[in-house]
Amino acid sequence: MHFKKIEEKKKSLDNIYLRVNNEKNILLIEIMKLSKKLHFYVKNALNNKHLISQLKTEYSVKNKFIQNRNILNNAFSQKIKSLFVKPKQLWIYLTEEQKHSTDSYTRYEQMMLKNIKKNEAEFILIGDRAIEFGQNNKLQIVRQYTSEQRNQNLENELAFLVKYLYADGNYESVRFVISSNKNFKEAFTILPLEKFDVYKFTNTNEATEKINIKDYLIFPDLQSFIDSEINIFLTNSIHALMIESYFYNAKNKLITTNQIIKQLDEDILKLSKKIIKFKREKEIEDIVMFFRKNKKSSEDA
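Number 2 in our numbering belongs to position 9 of the sequence shown; there are no gaps in the numbering.
Okay, structure coming up:
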């Protein structure tokens, strides 16, 4: 390769390296922020769950959001009901846009197809890949959101939708599927509350806030208070799940970015060595030419 082209290529790679390194720094800052947000929402969701569980125990509350609805009915009525109405699961499947041929979702899709019975499951799909998966497998879709339709209020909208559907839709459970190393091939369970497992996000075993509920008056009444806490719990849980999805995707981007930087380092080093070699050879050539000229001048004299 001609020396000028080598220099131009190195300059181009230097510019790419600078841009990619800036992207890496932005990703690192983003990951730190997401980590703090994730911890905040998981902790709040766990506190909500703990408070609701305390109220259930203290006041013998029966609520379909708190315990499996099968437990709320006696065995006979449940058997009669099963003859006419099949229990359903509500699945929420969230996918992020992925680049560089990364595939983090096939294992989850195989899991869903293996574990669900299509006539007993309904889906809320978020993201282009999730929608494509639902359409290709002719799943029963309750609601879908393209990547462009995702907005800052989506978590609150989902919390309202999940609560409404779970209350009226005869769902046995609500399961949330995201790509995460915290749940490598399985779904997270949001409802019923007793099966809530979003705590898997945290590596710490922080104790939830202990409150002696007997020391407090409950306004306006117990059921309204629990209903409000369930709203907050769902919002915190869904916030945590969506942040974890974005967080895991950002970490994968960081891994890819580091690989690109490593390759750029190697390519730039090779070109730098070629440039140094060329310059040294040129210096030697100039020195040789200088002595030849001096020798010729001496002979002519």
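Ideal Cβ placement from N, Cα and C applies to all residues, glycine included. Keep in mind it's a predicted model, so treat the numbers as computed, not measured.
Residue i and residue j closer than 8 angstroms at C-beta
i: K330; j: I236; result: Residue coverage of the chain in this structure runs from -6 to 294, which leaves residue 330 outside it and unanswerable.
i: I119; j: L154; result: no
i: Y159; j: V167; result: yes
i: I254; j: V35; result: no
i: L11; j: I261; result: no
i: I268; j: I(-1); result: yes
i: L44; j: I204; result: yes
i: N149; j: T228; result: yes
i: Y98; j: R122; result: yes
i: I59; j: L186; result: yes
i: S140; j: S238; result: no
i: L106; j: N130; result: yes
i: F218; j: F212; result: yes
i: T250; j: E16; result: yes
i: S230; j: I183; result: yes
Beta-ladder partner(s) of residue i, from DSSP
i: T139; result: Its beta-bridge partners do not exist; DSSP assigns none.
i: L87; result: I119
i: I134; result: F116
i: L184; result: V167
i: Q252; result: According to DSSP, which records beta bridges pairwise, Q252 is partnered with nothing at all.
i: K4; result: Answer is none; K4 lacks a bridge partner.
i: Q82; result: A114 and S166
Among the options, the one whose alpha carbon lies nearest that of residue i
i: K57; options: K26, I85 and K188; result: K188
i: D258; options: H(-5), K3 and K(-3); result: K3
i: D161; options: T139, K131, F218 and K81; result: K81
i: Q133; options: S140, T139, I124 and E141; result: I124
i: N245; options: K(-3), D96 and Q128; result: D96
i: L48; options: F181, R285 and L215; result: L215
i: F33; options: D279, K263 and H232; result: H232
i: F(-4); options: A114, K275 and R285; result: K275
i: N18; options: S53, Y209, I248 and F181; result: I248
Min CB distance residue i to chain C below 8 angstroms
i: N108; result: Given the protein chain composition of this structure (a single chain), no chain C is represented.
Whole-Å CB distance - residue i paired with residue j, under 8 angstroms assumed
i: F169; j: I85; result: 5 angstroms
i: K175; j: F194; result: 6 angstroms
i: L83; j: Y164; result: 5 angstroms
Closer than 7 angstroms: residue i CB and nearest the ligand NAD heavy atom
i: E115; result: Of ligands this structure carries none, so the ligand NAD is not represented either.
Cβ shell of residue i (< 7 angstroms), same chain only, five flanking positions each side left out
i: R100; result: K178
i: A152; result: N224, L227, T228 and I231
i: F116; result: W84, Y86, G127, L132, Q133, I134 and V135
i: D190; result: F181 and T182
i: Y52; result: L215
Contact set for residue i: own chain, Cβ-Cβ below 8 angstroms, skip 5 residues either direction
i: S28; result: F240
i: S265; result: K3
i: A243; result: L20, E23, I24 and L27
i: I109; result: Q82 and W84
i: K263; result: none
Close-in-space but distant-in-sequence residues of the same chain around residue i (CB under 6 angstroms, 5 per side omitted)
i: F126; result: E102
i: M104; result: K178
i: N37; result: N229
i: F271; result: F(-4)
i: D279; result: none
i: S46; result: none
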